[in-house]
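First comes the structure, then the notes that go with it.
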Amino acid sequence: MDYPSLKSYWHDNAGNITSAFQEGRASFLPFLLPELALEFSTPKVLQILSGRFGRGLIQDALDPRQAVPSPLAGLRTTNWIKRTNMVGINVRTIQNFWNVIKYMLTVPEAQQSVHLLPIWEPGVVASLYGMASWNINPEFFSQELYEQYPQLDTVEKQLKVVVNLLHATGRTVGMDVIPHTDRYSEIVLGNPRHFEWLQRRDDKITSHRANLHEDVELAVFRFLKEQGPAQDGIDLPADAETFFSEEYPESARLELLFGSPADYGRRAQRRGWLVQSLYKDGFEPVPATMGPPYRGLEVDTSEKSRTVDDEGRIWREYKISKPQKMSRVFGPLARYKLYERLNDNKNWEIDFSRPRPATWEYACRHFYQIQQEYNFDFMRGDMSHVQMRPEGVPIEADNYYDLHKAVRAHIRKAKPYFGYFAETFLVGPGFIAYGNEVDHLEQADADSTLGDLQSMVAGSPEFMQHFRWYLDILKTRSFAPNFTIMTGDKDDPRFDEFYLTGNEARLFTALFLTDMPSYMALGFECRDPHPTAAPNEHYTKLYVFRISSGEKATRGPYVFGKNARLYHRLSALRQAAEQILPQIVSADTHWLLPPDATAATRVIAWTQSPHPRFLFVVNLDGSEAAVNIKIPRLRDREKLPPPHLHFSTHKEGGQRATLPFNDKQYQISRLEAGECRIYSWGQ
716 MDYPSLKSYW HDNAGNITSA FQEGRASFLP FLLPELALEF STPKVLQILS
766 GRFGRGLIQD ALDPRQAVPS PLAGLRTTNW IKRTNMVGIN VRTIQNFWNV
816 IKYMLTVPEA QQSVHLLPIW EPGVVASLYG MASWNINPEF FSQELYEQYP
866 QLDTVEKQLK VVVNLLHATG RTVGMDVIPH TDRYSEIVLG NPRHFEWLQR
916 RDDKITSHRA NLHEDVELAV FRFLKEQGPA QDGIDLPADA ETFFSEEYPE
966 SARLELLFGS PADYGRRAQR RGWLVQSLYK DGFEPVPATM GPPYRGLEVD
1016 TSEKSRTVDD EGRIWREYKI SKPQKMSRVF GPLARYKLYE RLNDNKNWEI
1066 DFSRPRPATW EYACRHFYQI QQEYNFDFMR GDMSHVQMRP EGVPIEADNY
1116 YDLHKAVRAH IRKAKPYFGY FAETFLVGPG FIAYGNEVDH LEQADADSTL
1166 GDLQSMVAGS PEFMQHFRWY LDILKTRSFA PNFTIMTGDK DDPRFDEFYL
1216 TGNEARLFTA LFLTDMPSYM ALGFECRDPH PTAAPNEHYT KLYVFRISSG
1266 EKATRGPYVF GKNARLYHRL SALRQAAEQI LPQIVSADTH WLLPPDATAA
1316 TRVIAWTQSP HPRFLFVVNL DGSEAAVNIK IPRLRDREKL PPPHLHFSTH
1366 KEGGQRATLP FNDKQYQISR LEAGECRIYS WGQ
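My numbering puts the first residue of the sequence shown at 716, with every later residue one more than the last.
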């Protein structure tokens, strides 16, 4: 089916498909392309939802003063997130929070969790992961929703309503917990003591002593005295010590420095003035780093690292003095200063025996407040792989071991079901972090982790090896690796080769491995194959930031793919999952052909334990058909009849052929490249 035919199919069958949704015979609107869903009017969306969930519930959800209970309300554990299928949404790709609801009409209840990429005001190049403040990003405000419901006149109210509606429709919703901010965020400038600072003159770091933040606080207070307060009616303390003390309200401090939270332009202007004042004194927050040795910075004196901004200020990038393979310096970001320093930071060494409780409390309190305000169900821990102790993962991990661990524990006091989905890539020891990443995730109380299957060609030797390893981790460790299909930050031209083939196999495996969680980013379901790079507007990664020139520039909104054949197949697959998953959702996986870590064979097969009902078979090789496939029978199931074909991703309809069986093995003569099948016992 081509793209125009798929659009026509929806328009010709929209009434019947919508009725099936409203009557509870389907949990989504199959064959509705995401770009068409975004064109739905607000009244139409609400009429569709009211028909399914009841007008009263939907009207309650539209009241930001109310909180629709989470589907998880009453749970005391986080085990649910170890089996959930998650969808990641970069809100910028669909313009606003309200469009999340429209998009989710195209997603079945089998993919029941929604991860919203960072929701805060962004900083340099409008990067979502560089928080400029604790305020919600105003670009995600929906004028359309406001015109229909004038009481929803702020982006905060609209976010509340969207989370309410997601909860009302049975979804769980997650936020990011980010251990850093934009280097010159209001968070940093209003709380210098919670961050690490350096002083630079030209291409030399002249100071990076441990308590340099004290000088910065004096400089910020001096700026305030000279410039005057941004907000009237708030008394200015007599000195910097009082102004930056824990007893002085942060909200008052920020309003004096920058102005009212509602006045975005004024705040940006004041922040720019303060940055200029600090620049004259050479004060800069220390940029965040990744990968061992993490510490030991120097100015990069190469000409390419020198930039001049619109104000004529000369900036320099930094580099690790003794880098290793994965060493990175993130110039736009500053990490929370969670520990004191050894020897006044002369050698850039961290004293992990001396945590800084006020900083931990600050971050935990703010993320807790966000969770409480918007009723989030889980967190994605950004850069959860960071482990800076050179000796590796310790045997004992207290409350100050890891910031994500601390935030999770803090929120779980009020919401015991609040889960922690960690961003790590499950690489070998000592590569991206000190020590063993798997050990670190256990010590940090992660419930699940992203993994890296999205960064490999499906069925490749690397993919097969990692997939098998993830299954070992799943059975032996306290957290669950995800079968990750695609992420919003791995969708750019560098990763095109991963999605040329095997996309049906990725979603099929993600849905039917019921005891393994999965993650899929918006846009995967209709992503075009790109043998050569497409225009930038076709990649979700390039909307994590906003750049107007150069190789990463985008001009205009995100463009959904036109891969009608893939979308048609995945819609049929999701329909099959609607019928099957309710019967097996609590089952464990019984492997018959587990992933071959040698990649000698690329076919996998599994059923359920303890009661087998369906046999799932996948050819993970997206380039070649598999022939003469033999699947061992289930032990202790001699009386089980041979299963018959229930569904194929590559063949519509057809006979319900029964698998040949020789009392030892089931025989499949041929599976097409990337083909997935479901066989049924008895149905």
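Cβ coordinates follow ideal geometry from the N, Cα and C atoms, glycine included.
>> I'd like to know whether the C-beta atoms of Tyr-1381 and Arg-1348 end up nearer to each other than 8 Å.
In response: yes
> In whole angstroms, what separates the C-alpha of Arg-886 from that of Asn-1114?
Replying inline: 31 Å
> Do you know how far the Cα of Asn-879 is from the Cα of Val-783?
Replying inline: 5 Å
> Does the Cβ of Ala-825 have 16 or more other Cβ atoms within 10 Å, making it buried, or fewer, making it exposed?
Replying inline: buried
> Nearest to Lys-1267 by alpha carbon, out of Phe-936, His-1253, Lys-1277, Val-815?
Replying inline: His-1253
> Which class does Lys-919 belong to by DSSP, given the choice of helix, strand or coil?
Replying inline: strand
> Within this structure, are the beta carbons of Gln-1180 and Ala-1312 separated by less than 8 Å?
Replying inline: yes
> Any Cβ of chain B within less than 8 Å of the Cβ of Ile-1188?
Replying inline: In the structure shown, chain B cannot be found, because there is only a single protein chain.
> Which partner residues of Ser-1163 appear in the DSSP bridge assignment?
Replying inline: Phe-1136, Ala-1195
>> For Leu-1053 and Asp-1066, which I take to be in contact (beta-carbon distance under 8 Å), what is that distance rounded to the nearest angstrom?
In response: Incorrect: roughly 11 Å between the Cβ atoms, too far for contact.
> Apart from the five residues just before and just after Gly-1271, which ones in its own chain have a Cβ nearer than 7 Å to its Cβ?
Replying inline: Glu-1252
>> Pairs of beta-carbons, one from the region 1137 to 1156 and one from the region 782 to 798, closer than 8 Å: are there three or more?
In response: no
>> So for Thr-1016, helix, strand or coil by DSSP?
In response: coil
> Sorted by chain position, which residues of the same chain lie with C-beta nearer than 6 Å to Ser-992's C-beta, five sequence neighbours on each side aside?
Replying inline: Phe-938
> Which of helix, strand or coil does DSSP assign to Met-1171?
Replying inline: coil
> Going straight from the alpha carbon of Asn-731 to that of Ala-1314, what length do you get?
Replying inline: 45 Å
> Would Lys-940 be called buried (16 or more neighbouring beta carbons within 10 Å of its own) or exposed?
Replying inline: exposed
>> In this structure, how does DSSP classify Arg-807 when only helix, strand and coil are distinguished?
In response: helix
> So what does Leu-1048 bridge to, in DSSP terms?
Replying inline: Asp-897
>> Just to confirm, is the Cβ distance from Ser-1170 to Phe-1213 under 8 Å?
In response: yes
>> Please return the same chain residues whose Cβ sits closer than 6 Å to the Cβ of Leu-1296, not counting the five positions on each side in sequence.
In response: Ala-825
> Since Asp-1066 sits in a beta bridge, which residues does DSSP pair it with?
Replying inline: Glu-1055
> If you draw a straight line from the C-alpha of Asp-1167 to the C-alpha of Leu-1308, how long is it?
Replying inline: 22 Å
>> In the DSSP output, which residue or residues are listed as bridge partners for His-800?
In response: Contrary to the premise, residue 800 reads as Asn rather than His in this sequence. Partner(s): Ser-1233.
> In chain order, what residues of the same chain have a beta carbon less than 6 Å from the beta carbon of Ser-765, not counting five sequence neighbours either side?
Replying inline: Ile-773
> So does the region 1279 to 1288 actually touch the region 1210 to 1229, counting three or more Cβ pairs closer than 8 Å?
Replying inline: yes
> Exposed or buried, which one is Val-822 when buried takes at least 16 other CB atoms within 10 Å?
Replying inline: buried
>> Nearest by alpha-carbon distance to Leu-777: which of His-882, Lys-722, Thr-1255, Pro-1008 is it?
In response: His-882
> Is it buried or exposed for Glu-932, if we count other Cβ within 10 angstroms and need 16 for buried?
Replying inline: buried
> Are Tyr-1132 and His-1119 close, meaning C-beta to C-beta below 8 Å?
Replying inline: no
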